[in-house]
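What follows is a single structure, written as structure tokens, with notes after it.
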Amino acid sequence: KNTMAELSPTAGESNYSQDIQVDEKLVPKKGLSLCSTRYGIALIIHVCNFIAAAQSTVINITMVAMVNTTDHQFQFNGSTEQLPGGPNNAPDSLPAEAPTYDWSPQIQGIIFASAAYGMTLTMALSGYLAGRVGTKRVVGVSLFASSLLIIFSPLAAELGLISLIATRMVQGLVQGSIFGGQNALWERWGPPHERSRLCTIALSGMLLGTFTITLVGGLISQTLGWPFAFYIFGGIGCVYCPFWFILIYDDPVSHPWINVTEKEYIISSLAQQIHVSSQKQPLPIKAMLKSLPLWSICVCSFGHQWLVAILITYTPTYISSVFSVNIRDNGLLSALPFIIAWVIGILGGYLADFLLTKNVRLVTVRKIATFLGNFPSSALLVALPYLPPSYITTMTFLTLSCGLSPLCQSGIYINALDLAPRYSSFLMGTTRGLANIAALLAPTVSGFLLNQDSEFGWRNVFLLLFAINLSGLIFYLICGDAVVQDWAKGRKLTRL
């Protein structure tokens, strides 16, 4: 049997030791069970991301019911198409008590983007803060605050446009802390050879949340009124918060119920990283700013977030402009791409880790995942406006585009863990924060393009998306790396 003493950070090298320093042959195999505490942690974060994403995107589907669409209808190529099977017999009328507003496509774009302003500001800060005081506190408090703000969003809309935008900006601040603060957990819970699958399990909760709110949001809006979509998912977040504080622990050492074998496996796998991360050292900001691999992550993430922002924000609006459907059927059609994305996102993480076990270089795995999550998705979207509007073609292209995009979760979004494990919580928050600028620009710019040109607006939106996405991808494929950077290596410590 291997003892803990044999599991030193320098004990042997694997065939791809230039990428991952821990030799998995020396790690206890009993710790690799799927029914383990670390996978339980990933599942808890999955549910947290599910709730946060549902709260963040609820307005994307309810917007169809919130605005007076007869005043601001833009069609695709001058006509709309019915769903197969004839006209829609489902009722189009909304509950009488649900208010509607006179918002142009440009105003809608500003409302969509308003949450991203706050989110961009807190992602990096929350990542750093979580590394200091713990993910449990940062994310738990932020989720509760986000849930309260969602519940009060319908009241904010009644008070006026400025009130709604301000509420969504504050909501963005706390949601940025949810998405940025959780990264610190994987410094202490994620063995190097399992990071892809653990991170994708956790992050895929966002896709499931988007799918669920898109699926049921239209039904809720049509039967109860759109405000109840906010009330229900805000209430779910409030109920979940106590479970978060009870079940989440910031590291395996402090977890009271973890199996001893699993604890030793995780600690030995991360022996070097845990050791150096406990040392309070200043951030090498200058070296980070000069790091080309780090900048390539930021630029490529920006391009991918532009793609994701368009898919999440405008899928219901696009379907509404192509097909003559009510909000219930719009929700059903808009939700389909996201459930496919949820499945592919999780499978992509397992595929990435499988490739690593076959001695494929880590940087190659990251670049393959990033390419597959970017180029096919943006290419399919840019082709849509040039094809005759067809139910089958449109839904196939949207489903494939959205379904492939989560493969990036095993690429650029965890690449900072490879470059600088000890600073990963700060860097993952920073790169996501910078990339999130796309989430505030994309809806605003797209709303402007749609407002300016009702006939060719979608073509312009997708062409701009493709140009931005492709530029970031090329930069990453040329400059991306997965080797621990010199500025991220700690001093040799002689004490035990």
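Its first residue numbered 1, the sequence shown is counted upward by one per residue in the UniProt record's numbering.
Just so it is clear, CB atoms sit at the ideal spot from N, CA and C, and this is done for glycine as well.
{"Query": "Quick check: the segment 376–393 against the segment 152–165, are at least 3 beta-carbon pairs closer than 8 angstroms?", "Result": "no"}
{"Query": "Are Val139 and Gly190 touching if we call contact CB-CB under 8 angstroms?", "Result": "no"}
{"Query": "Return the residue from the list Thr317, Val64, Leu121, Ala113 that minimises the CA-CA distance to Asp102.", "Result": "Val64"}
{"Query": "Let me confirm a value: Leu148 is counted as buried when at least 16 other C-beta atoms fall within 10 Å, else exposed. Which label applies?", "Result": "exposed"}
{"Query": "Just to confirm the assignment, what range does the alpha helix (DSSP H) spanning Ala157 have?", "Result": "153–159"}
{"Query": "Return helix, strand or coil for Lys29, following the three-state DSSP convention.", "Result": "Low confidence applies here, because Lys29 scores a pLDDT of 49, under 50, leaving its location unreliable and the question unanswered by this model."}
{"Query": "One question on the structure: do Trp244 and Cys48 come within less than 8 angstroms of each other, judged by their Cβ atoms?", "Result": "yes"}
{"Query": "Here's the rule: buried if 16 or more other CB atoms are within 10 angstroms of the residue's CB, otherwise exposed. What is Asp486?", "Result": "exposed"}
{"Query": "Check Tyr423 in the structure and name its three-state DSSP category.", "Result": "helix"}
{"Query": "Take every Cβ of the segment 125–138, pair it with every Cβ of the segment 172–180, and state whether three or more of those distances are shorter than 8 angstroms.", "Result": "yes"}
{"Query": "Using 8 angstroms as the cut-off, can you tell me whether the segment 361–378 makes contact with the segment 457–477, which would need three or more C-beta pairs spanning the two stretches below that distance?", "Result": "yes"}
{"Query": "So is Asn60 buried or exposed if we call it buried at 16+ other beta carbons inside 10 Å?", "Result": "buried"}
{"Query": "Taking all protein chains shown into account, decide if Gln222 is buried (16 or more other Cβ within 10 angstroms of its Cβ) or exposed.", "Result": "buried"}
{"Query": "Roughly how many angstroms separate the alpha carbons of Val67 and Ala287, rounded to a whole number?", "Result": "48 angstroms"}
{"Query": "I need the boundaries of the alpha helix (DSSP H) containing Lys263, first residue and last residue.", "Result": "260–269"}
{"Query": "Near Leu355, what residues of its chain come up, given a Cβ to Cβ distance below 7 angstroms and the 5 sequence neighbours on each side ignored?", "Result": "Val365"}
{"Query": "For a test of the three-state rule: what should DSSP assign to Tyr101, helix, strand or coil?", "Result": "strand"}
{"Query": "Just to confirm, is the Cβ distance from Ser146 to Gln55 under 8 angstroms?", "Result": "yes"}
{"Query": "Report the CB separation of Cys402 from Pro337 in whole angstroms; it is logged as a contact under 8 angstroms.", "Result": "3 angstroms"}
{"Query": "Just confirm the distance between the C-beta atoms of Ser104 and Asn451, as a whole number of angstroms; I'd bet it's less than 8 angstroms.", "Result": "6 angstroms"}
{"Query": "Report buried or exposed for Lys489, applying the criterion of at least 16 other Cβ atoms within 10 angstroms of its Cβ.", "Result": "exposed"}
{"Query": "With DSSP as the reference, please indicate the residues paired to Val67 in a beta bridge.", "Result": "Tyr101"}
{"Query": "Thinking just about the alpha-carbon of each residue, which of Tyr386, Ile414, Ala309, Gly172 is nearest to the one in Lys367?", "Result": "Ile414"}
{"Query": "What are the partner residues of Phe466, as DSSP defines its beta bridges?", "Result": "In DSSP, Phe466 forms no bridge with anything."}
{"Query": "On a Cα-Cα basis, can you pick out the residue from Leu289, Ile41, Leu463, Ala420 that is closest to Leu384?", "Result": "Leu463"}
{"Query": "Kindly list the residues whose CB is nearer than 7 angstroms to the CB of Phe211, restricted to its own chain and excluding five residues on each side of it in sequence; keep chain order.", "Result": "Ala335, Phe338, Ile339, Trp342"}
{"Query": "For Ile44, which of Leu198, Leu164, Arg168 has the nearest alpha-carbon?", "Result": "Leu198"}
{"Query": "Measure the C-alpha to C-alpha separation of Gly172 and Ala116 and round it to an integer number of angstroms.", "Result": "6 angstroms"}
{"Query": "With 16 as the cutoff for other CB atoms within 10 Å, does Arg495 come out buried or exposed?", "Result": "No answer about Arg495 holds up, because its pLDDT of 41 lies below 50 and its placement is not dependable."}
{"Query": "DSSP on Phe323, reduced to helix/strand/coil?", "Result": "strand"}
{"Query": "Might you give, ordered along the chain, the residues of its own chain that have their beta carbon closer than 6 angstroms to the beta carbon of Leu215, omitting 5 neighbours on each side?", "Result": "Gly331, Ala335"}
{"Query": "Do you know offhand how far Ala201's Cα is from Gly348's?", "Result": "Reading off the sequence, residue 201 comes out as Ile, not Ala. When rounded, the distance between both Cα atoms is 10 angstroms."}
{"Query": "Candidates Phe426, Leu307, Thr370: which alpha carbon is nearest Leu440's?", "Result": "Leu307"}
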